[in-house]
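> Each number in the numbering used here comes from the position in the sequence shown (counting from 1) with 3 added on. I'd like to ask some things about the structure below.
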Amino acid sequence: MSGRVNEGYNGSSQEDVNALGLRWRANDVHLNEPRQEYNDDVGFNMEKLEEKIRDENMEDKNKLKDSDERMNPLYSAETMPKGNLITRGLLILREKIHDVRMKNQKIVQLLLRICILVLIVVYLGFVIKNWYNQGQPSLGWCGGTGILLLLIVFICWCLIYYKFMKPILFKRILGPCLTSDSTMKIHKVMSTASTSLIWILTICIFAFVIYDSYGYKRRLISFAGIFVFIFIAFIFSKQPILIPWRTVAVGTLMQYIVGLLAIRWNLGRDVFICVGNLVNSFLTFSYSGAQMVYGTELVNVQGVFAFQALSVIFFMSMIIQILFYLEWMQIVLKKMGWFIQTLMGTTVCESMNAVGSVFLGISEAPLLYKPYIKDLTRSEMHAVMVGGLSTTAGTVFAAYAALGANPTHILTASAMTSPAALMYAKILFPETENSKTDANNLEDYKSPDTSLLDAATQGALVGVNIVQGIIASVIAAVSFIAFANSMVGWFLSQAGVPDTDLEMLVAYALIPVAWIMGVKPDNCQEVARLLGIKTIVNEFVGYAELGKLKTQGILSARSEAIATYAMCSFANPGSVAILASNLLTLSPSQRTNITKVTVRAFFGAFITSLLTACVAGSLMPEEGYENFDAKSNI
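Here's what the structure looks like:
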């Protein structure tokens with residue numbers, strides 16, 4: 004063996020040496036390993052062999068470099084192809100500019116930022132001058148100069164936080180002062196203090212409601228209804244022993260805080276109206292593209308569901324895909340998810356879905372966290388579905404108002420239901436698994452898109468699959484409900500009970516529910532019938548019937564308001580089909596989890612809207628609020 008090796012490396016051909024060197028490189032053998040094995044027995048010149056292999060590797064790298072440089076528009080002087088004087092001069096000029104920019108990169112960035120800052124200041128000066136020339140009118144915080152000032156303040160805050168506070172204040176100054184032990188102690192103290200504060204505030208809110216409702220029987224009944232519906236969720240809970248009671252307390256507290264802001268405080272109500280109008284205005288831009296494709300008749304005049312409402316999905320999907328490509332959406336998810344997780348103990352996707360569902364629909368809200376749907380646990384999927392089905396979309400507020408519902412009640416109900424949905428979902432289905440979408444371990448999503456245009460195109464194409472699935476699911480679900488309704492009516496008519504169908508049976512069963520929400524006994528049957536129509540058919544038909552009762556003066560102002568809150572959700576078979584189809588399209592691997600929690604989520608969403616009606620009923624006086632309007636005064 005020694006003789007053969009010695010002969011091979013001292014007297015064999017160069018081809019053998021090259022072959023052996025290539026074989027070593029292919030197998031990724033470290034050079035120090037063969038040296039240790041053969042040096043003692045053979046004593047051949049390993050330095051020359053290593054030098055030969057390094058030279059060959061360098062040649063390969065040079066070839067790759069040459070090919071890369073020829074693909075690069077900034078050619079070097081050595082690899083520049085021959086051309087005329089003008090093209091060679093242009094390439095040399097571009098190369099010099101590129102070199103200067105790379106050598107002075109920090110200075111260039113500083114100058115660019117200064118230019119942007121100067122442009123912003125100049126623009127702001129023109130805005131203030133224009134406002135002054137107009138006679139200093141109201142700033143218009145919901146669409147005028149005021150909202151522009153808020154936008155500039157927000158941008159300045161982001162710059163200060165990310166350029167000064169986070170890298171300098173938190174990391175360089177405070178970072179070295181905080182050890183792991185001190186951080187744990189601070190976290191423990193803050194956790195204990197926040198928990199105590201939450202329970203104290205909850206008790207204070209309950210005491211205020213009882214005191215404020217003293218002498219008003221219906222308001223106290225509404226207050227008692229809150230505990231009844233929470234107890235129902237406790238009875239049907241998947242794991243009663245694992246219920247996060249802190250989440251329950253915070254959810255109830257936030258629901259009352261939002262209710263007080265929107266129902267008892269005019270400014271708070273104006274803020275909710277303003278935000279709702281802005282979101283609605285943004286989403287209606289999708290109608291411009293839909294009109295060009297489908298025509299004005301189908302989109303604006305007739306308002307066909309497939310051509311109007313579903314067109315929003317294409318626009319929204321494109322915008323969200325672009326935000327993920329720019330990595331802005333990831334920042335929003337982490338910051339908002341961390342805040343709500345700290346407050347309520349829920350994870351990022353659950354929290355983001357609850358917030359987004361206030362203004363977006365069940366088709367658009369899941370797009371906010373689309374890359375993470377595949378990682379959701381069964382409890383998180385349940386919370387996502389409850390959050391989506393228990394609220395309504397900003398795109399349908401105007402449609403409900405046109406049918407006769409008070410738009411301010413609708414917007415207030417959606418805002419109040421957001422924390423209640425998280426709370427109720429966690430009672431019905433507590434978390435039993437380790438979440439992958441926790442704010443502390445959420446993986447950074449890197450968009451596979453190669454450019455802004457690619458992201459926009461891919462986002463629009465994702466919307467195609469979503470719309471197709473929604474159309475198919477809605478047709479099948481609504482057809483099945485119509486069949487079931489007809490069969491129930493037929494069987495009852497054969498037994499001598501004519502003019503009775505599934506809606507009426509559900510309405511009779513919901514009369515006690517209407518009473519526990521605080522509805523006057525004289526109006527309980529009518530409100531129960533509205534709930535039955537809304538649950539079996541959809542909320543559009545329910546609000547249309549409410550508009551007829553409102554015109555006839557059958558319901559009191561308070562009963563009408565409670566019915567509006569109770570019907571403000573997508574908890575109906577058609578919407579369940581839309582949401583399930585949407586989630587399945589975005590994440591086919593979650594099929595099992597989605598199908599197993601759908602019925603429970605439908606039940607949870609329905610009860611959540613009733614819970615919101617109870618909270619509103621406990622805060623609303625007997626005469627209701629007949630002067631509510633949908634126009635913001637800010």
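Here a beta-carbon is modelled for each residue, glycine too, at the ideal position from N, C-alpha and C. All values reported here derive from a predicted model rather than from experimental measurement.
For a quick check, are the C-beta atoms of residue 275 and residue 162 less than 8 Å apart?
The answer is no: Cβ separation not under 8 Å.
> Grouping DSSP H, G and I as helix and E and B as strand, with all else coil, what is residue 246?
Coil at residue 246, not helix or strand.
> Starting from the C-beta of residue 390, find all residues in its chain whose C-beta is less than 6 Å away, skip the five residues before and the five after it, and write them out in chain order.
Same-chain partners within the cutoff: 356, 357, 360, 424.
> With a threshold of 16 other CB atoms inside 10 Å of the CB of residue 270, please say whether the residue is buried or exposed.
Flag for residue 270 reads exposed.
> If you follow the alpha helix (DSSP H) that residue 136 is part of, which residue opens it and which one closes it?
That run of the alpha helix (DSSP H) goes 108 to 136.
> Quick check on the burial criterion: 16 or more other C-beta atoms within 10 angstroms. Buried or exposed for residue 638?
A query on residue 638 cannot be resolved here, the shown segment of the chain reaching from 4 to 637 and no further.
> With a CB to CB cut of under 8 Å and the five nearest residues on each side skipped, what residues in its chain are close to residue 575?
So the list reads 537, 538, 539, 540, 541, 542, once near-sequence residues are dropped.
> So for residue 32, helix, strand or coil by DSSP?
The predicted model places residue 32 with a pLDDT of 42, which falls under 50 and marks its position as unreliable; any figure quoted below should be read in that light. Three-state DSSP puts residue 32 in coil, outside helix and strand.
> Applying the criterion that 16 or more other CB atoms from any shown protein chain within 10 Å of the CB defines a buried residue, is residue 504 buried or exposed?
With 16 or more other Cβ atoms within 10 Å, it is buried.
> Can you tell me the Cα-Cα spacing of residue 278 and residue 144, whole angstroms?
Approximately 11 Å, taken between the alpha carbons.
> With a CB to CB cut of under 7 Å and the five nearest residues on each side skipped, what residues in its chain are close to residue 520?
Closer than 7 Å at Cβ, skipping near neighbours: 225, 228, 565, 569, 613, 616, 617, 620.
> Is residue 321 helix, strand or coil by DSSP?
Three-state DSSP puts residue 321 in a helix.
> Please look up how many angstroms separate the CB atoms of residue 324 and residue 461, rounded, as I've assumed it's under 8 Å.
Sure, about 6 Å apart at Cβ, within 8 Å.
> Is residue 1 helix, strand or coil when you go by DSSP?
This structure cannot speak to residue 1, because the chain is shown only from 4 to 637.
> Which one of 388, 184, 167, 255 has the shortest CA to CA distance from residue 208?
That would be 255, whose Cα lies nearest to the Cα of residue 208.
> What's the gap between the Cα of residue 289 and the Cα of residue 475?
Near 22 Å, if we compare the C-alpha coordinates of residue 475 and residue 289.
> Considering only the beta carbon of each residue, do residue 509 and residue 522 sit closer than 8 Å?
No, the Cβ-Cβ distance between residue 509 and residue 522 is not below 8 Å.
> Quick check: residue 282 and residue 157, are their CB atoms within less than 8 Å of each other?
No, these two residues do not count as a Cβ contact at 8 Å.
> Mapping the DSSP letters down to three states, classify residue 267 as helix, strand or coil.
Residue 267 falls in the coil class under three-state DSSP.
> Where do the ends of the alpha helix (DSSP H) carrying residue 365 lie?
From DSSP, residue 365 is part of no alpha helix (DSSP H); its letter is neither H nor E.
> According to the Cβ coordinates, are residue 328 and residue 458 closer than 8 Å?
Cβ atoms of residue 328 and residue 458: closer than 8 Å.
> Determine, using beta-carbon pairs with one atom in the region 418 to 437 and one in the region 601 to 609, whether at least three such pairs fall under 8 Å.
Because the criterion of three Cβ pairs below 8 Å is met, the region 418 to 437 and the region 601 to 609 touch.
> Smallest Cα separation from residue 257: which of 236, 489, 608, 416?
Nearest of 236, 489, 608, 416 to residue 257, Cα basis: 416.
> Residue 544: which of 573, 230, 261 sits nearest, CA to CA?
Cα-wise, what sits closest to residue 544 is 573.
> Write down the C-beta distance between residue 434 and residue 382 rounded to the nearest angstrom, noting that I regard them as a contact closer than 8 Å.
Residue 434 to residue 382, Cβ: 4 Å. Contact.
> Distance check for residue 466 and residue 297, CA to CA, integer angstroms please.
Straight-line Cα distance between these residues: approximately 17 Å.
> At which residue ranges does the region 463 to 540 contain complete beta strand (DSSP E) runs of 3 or more residues, listed in the order of the chain?
If we require 3 residues or more, the region 463 to 540 turns out to have no beta strand (DSSP E) run fully inside it.
> Helix, strand or coil for residue 350? Go by DSSP, reduced to three states.
Here residue 350 sits in coil by DSSP.
> With a threshold of 16 other CB atoms inside 10 Å of the CB of residue 512, please say whether the residue is buried or exposed.
Residue 512 comes out exposed.
> Can residue 351 and residue 445 be called in contact, C-beta distance under 8 Å?
Cβ atoms of residue 351 and residue 445: closer than 8 Å.
> Quick check on the burial criterion: 16 or more other C-beta atoms within 10 angstroms. Buried or exposed for residue 554?
So residue 554 ends up on the exposed side.
> Between which two residues does the alpha helix (DSSP H) containing residue 542 stretch?
Run containing residue 542: 542 to 555, per the alpha helix (DSSP H) assignment.
> DSSP state of residue 161, grouped into three classes?
Reduced to three states, the DSSP call for residue 161 is helix.
> What is the rounded straight-line gap between the Cα of residue 125 and the Cα of residue 116?
The alpha-carbon atoms of residue 125 and residue 116 are separated by roughly 14 Å.
> Which class does residue 442 belong to by DSSP, given the choice of helix, strand or coil?
Residue 442: coil per DSSP, three-state reduction.
> Going along the chain, which residues of its own chain have a beta-carbon closer than 6 Å to the beta-carbon of residue 584, five neighbours each way excluded?
Hits under 6 Å: 472, 473, 476.
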